[in-house]
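Notes follow the structure.
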Amino acid sequence: MGSRHADVVVDLLRLYQELSALPTLSPNAHTNAVFSELVRLATHLEDDQVARQILAHPDVRRIIPGLRSLCSAGEFELEGAWTRQIIASLDPQRELREFPYFANYEQLTRLEHHAVLGVTGCAPRRVLFVGAGPLPLTSLLLAGRYGHTEIDNVDIDPEATRLAARLAEALHVSSLRFRCADVLACTDVADYDMVCLAAMVGPHPGDKTRVIKHLYRHMRPGALLVARSAHSLRTLLYRPLALSDLAGFRPLVVLNPHTEVVNSLVVAEKPEASQPDSRSPDAEEL
Ligand SMILES: C[S@@+](CC[C@H](N)C(=O)[O-])C[C@H]1O[C@@H](n2cnc3c(N)ncnc32)[C@H](O)[C@@H]1O
3 MGSRHADVVV DLLRLYQELS ALPTLSPNAH TNAVFSELVR LATHLEDDQV ARQILAHPDV
63 RRIIPGLRSL CSAGEFELEG AWTRQIIASL DPQRELREFP YFANYEQLTR LEHHAVLGVT
123 GCAPRRVLFV GAGPLPLTSL LLAGRYGHTE IDNVDIDPEA TRLAARLAEA LHVSSLRFRC
183 ADVLACTDVA DYDMVCLAAM VGPHPGDKTR VIKHLYRHMR PGALLVARSA HSLRTLLYRP
243 LALSDLAGFR PLVVLNPHTE VVNSLVVAEK PEASQPDSRS PDAEEL
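Here's what the structure looks like:
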């Protein structure tokens with residue numbers, strides 16, 4: 003392996019060690035610095051072959067599941083801490099813009115909005131965001147920047163749901179609704195024109211496919227699925243979505259950013275011709 007590959011692998015193992023050794027993943031100067039270094043490493047523009055060799059390294063393969071779990075937990079803690087801070091602030095709007103990944107979400111949501119416009123020619127009206135989190139920044143940006151007036155947010159975590167609802171209140175945003183539920187228990191999704199799936203929903207192999215098959219079963223024909231994924235070294239942080247995970251949804255566009263934006267996105271459609279999938283017993287069997 004060339005020195006670049008070796009350097010990246012050594013850095014990754016060190017960062018994983020540091021994150022694993024932290025007593026808590028709650029944000030502080032040191033934790034933020036370690037995560038920021040990891041995100042910089044994962045979004046650094048690498049030659050495809052170099053990236054493949056790094057991801058194929060046995061030590062890297064061994065740590066990837068743990069690294070993704072640490073990133074999810076760290077992201078959840080960061081969002082929770084910032085939402086409490088924003089709610090408590092004298093100027094919540096200004097405080098929100100101080101969120102360390104605000105610009106990242108601005109770019110990601112802009113990419114998603116225009117990708118959907120690009121393939122459909124119009125902005126979907128009724129939106130469901132699955133996995134909104136304690137800081138539902140995507141939904142806030144869709145409402146604030148792109149005129150979406152009907153966005154329902156679902157999260158499996160009661161505290162995340164409670165915080166997100168309080169945050170929308172503090173920001174005087176009334177077009178967002180919040181519900182605490184596991185998406186796998188949500189069958190009333192046929193009215194949505196677009197369902198967005200956060201990258202952290204379905205973190206383990208098989209989970210994401212289970213969620214997408216469930217949505218396929220209950221979404222209406224013609225509705226859109228916008229699912230977050232990851233490519234290249236960004237797959238160190240998030241599990242990538244394979245086209246085979248789409249379970250009948252017809253892929254329309256896949257976007258892999260090479261900017262500071264971490265997530266990739268897949269825009270897919272439930273084909274018009276498809277009938278509610280009650281005939282194929284394997285829909286839920288995984
Ligand atoms: C941290 S958020 C990230 C999204 C980000 N806040 C945004 O606005 O794009 C991801 C959330 O997904 C939620 N989640 C994970 N699995 C889920 C499931 N099966 N059903 C609903 N929510 C889920 C987690 O509780 C977590 O709060």
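So for the sequence shown, our numbering puts the first residue at 3; every next one is plus one.
Glycine included, C-beta positions come from ideal geometry on N, C-alpha and C.
Taking Cβ positions, are residue i and residue j nearer each other than 8 Å?
i, j, result
"S266", "V255", "no"
"G120", "A200", "no"
"P126", "V132", "no"
"V197", "L217", "yes"
"L139", "L173", "no"
"V36", "L21", "yes"
"V264", "A44", "yes"
"L137", "L113", "no"
"K210", "R241", "yes"
"P160", "C182", "yes"
"I158", "D184", "yes"
"E97", "Q109", "no"
Where does residue i land, buried or exposed, given buried means 16+ other C-beta within 10 angstroms?
i, result
"R212", "buried"
"T111", "buried"
"G123", "exposed"
"G76", "buried"
"L92", "exposed"
"D247", "buried"
"E271", "buried"
"H46", "exposed"
"D193", "exposed"
"D50", "exposed"
"A244", "exposed"
"A232", "buried"
"T26", "exposed"
"R54", "exposed"
"A229", "buried"
"N34", "exposed"
"T85", "buried"
Taking C-alpha atoms, which residue in the options lies nearest to residue i?
i, options, result
"E100", "L113, A83, H116", "A83"
"E152", "V175, L165, L169", "V175"
"R70", "Q55, A90, Y18, L178", "Y18"
"N30", "A90, L57, H233, E79", "E79"
"R42", "L235, I214, H7, E274", "L235"
"H7", "T33, P94, E48", "E48"
Express the C-alpha separation of residue j and residue i in angstroms, rounding to a whole number.
i, j, result
"C73", "G224", "34 Å"
"R338", "L186", "Absent from the structure is residue 338, since the part of the chain shown begins at 3 and ends at 288."
"G250", "L227", "11 Å"
"R128", "V269", "16 Å"
"P207", "N155", "24 Å"
"L178", "A145", "8 Å"
"A166", "P102", "17 Å"
"R147", "H116", "12 Å"
"H32", "I66", "22 Å"
"T163", "S38", "26 Å"
"T189", "R222", "11 Å"
"E171", "L238", "35 Å"
Taking 8 Å as the threshold (beta carbon to beta carbon), is residue i in contact with chain C?
i, result
"D49", "Of the protein chains in the structure, only one exists, and it is not chain C."
Following a CB-centred definition, is residue i positioned closer than 7 Å to any heavy atom of ligand 2?
i, result
"L139", "Absent from the structure shown: ligand 2. Ligands present: ligand 1."
Taking one C-beta from the region 9-23 and one from the region 58-76 each time, how about it: are there three or more such pairs within less than 8 Å? Counting Cβ pairs under 8 Å, three or more are found: they touch.
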